[in-house]
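When you line the sequence shown up against my numbering, it's residues 241 to 518, in that order. Backbone N, C-alpha and C define an ideal beta-carbon position, used for all residues, glycine too. For reference, the structure is listed below as structure tokens.
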Amino acid sequence: MRQNTNGDIIWFQFDQFAAFDGLITHGVFARQGGVSAPPYATLNCGLSVGDDPARVAENRARVVATLPDHPTLVTAHPVHGTNVVEVVPEDLADEAAFARRIYTKADALITRARGVGLFWAYADCTPILLVDPAHEAIALVHAGWRGTSSAVAVNALTAMHERYGTQPDEVYVGIAPSIGPCCYEVDAPVRDAFAAHPLAAQHTFFSEIMVPTGDGDQRPSLRLDVAACNRAQLLASGVRADRIEQSELCTGCRRDLFFSHRLENSKTGRFAVVIALR
Ligand SMILES: [Zn+2]
């Protein structure tokens, strides 16, 4: 990813998406450059974390103003599920439809509508951006461990195939910063959830490390690499390895740049990820 700055705003873009500059605009926004106070300082774009809605609105407006063509943000209510929702142009034209969309439960958004900024606000979950230049279609996925254990990113790919004729080997994927195995401890039920899904079970990245207990002793700690699981699932579904670009940044390690739900004891903001067709 390459880093851009606009005033106090720091935002990232995937290198390989530069080839589609005429087709899409996108951005992964760091936590700087907004108006929210601690613990949401400063560019918090999440409405469900207890921040002042007026400040969140101003922060989202700054995100939109930063992006070329200023897309209209459209989102859904993420529930760590596998539901894929198609965003259609009518969602922009009709205010009631737009309101309904926000309360639609989904963790993957797909569209061919221009000017629609598929948007979620993240803190540790894995943002996955998909671009199909052949059919001029895009997707944004919200993949936490639960969604990943049900292959939500592959669901988005399948939905793009069914709706738009997308072929997996035509798709370019960007996997944005999320919590890495260095910072992400999970428990046995998480491993059980992956084991219960036919595709997810074949592509798990669990590891066990020893960590200090605080009283001079050590204990085993189960770790999960969610981004690696998603990458492997997409590869197994036909996406080309050289078309998956993965950020090496961990939201837990890089709290100077990103919000981390886990590492900031659940009292923090959410950073914006947007992709739009121009
Ligand atoms: Zn880390």
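query, result
"Assigned secondary structure, L397 (DSSP; H/G/I helix, E/B strand, else coil)", "helix"
"Cβ contact (3+ pairs, closer than 8 Å) linking the segment 451-459 and the segment 401-413", "no"
"Distance between beta carbons of A383 and A512, contact taken as under 8 Å", "Not quite, the Cβ-Cβ distance comes to about 16 Å (not below 8 Å), so this is no contact."
"Contiguous beta strand (DSSP E) assignments of at least 3 residues, all confined to the segment 319-357", "324-327, 348-351"
"Straight-line Cα distance separating P438 from S276", "43 Å"
"Proximity test, G384 beta-carbon vs ligand 1 heavy atom, cut-off 7 Å", "no"
"Alpha-carbon to alpha-carbon, V325 and L475", "23 Å"
"Spatial distance of R295 from G267 (CA atoms)", "20 Å"
"Rounded separation between T491 and H501 - CA only", "9 Å"
"Close beta carbons around V430, own chain, < 6 Å, minus the five adjacent residues each side", "W385"
"Neighbourhood of ligand 1 [Cβ distance below 7 Å to any heavy atom], ordered by chain position", "I419, G420, C422, C423, C490, G492, C493"
"Pair within 8 Å by beta-carbon distance, C365 and G420", "no"
"Exposure of D347, with buried meaning 16 or more beta-carbon neighbours within 10 Å", "buried"
"DSSP beta-bridge partners of S447", "R463"
"Helix, strand or coil at G274 [DSSP, three-state]", "coil"
"Within the segment 242-323, ranges of the alpha helix (DSSP H) (whole runs, at least 4 residues)", "293-306"
"A440 versus A391 - alpha carbon distance", "6 Å"
"Simplified DSSP state of G405, which is helix, strand or coil", "coil"
"Limits of the unbroken beta strand (DSSP E) element including V513", "511-517"
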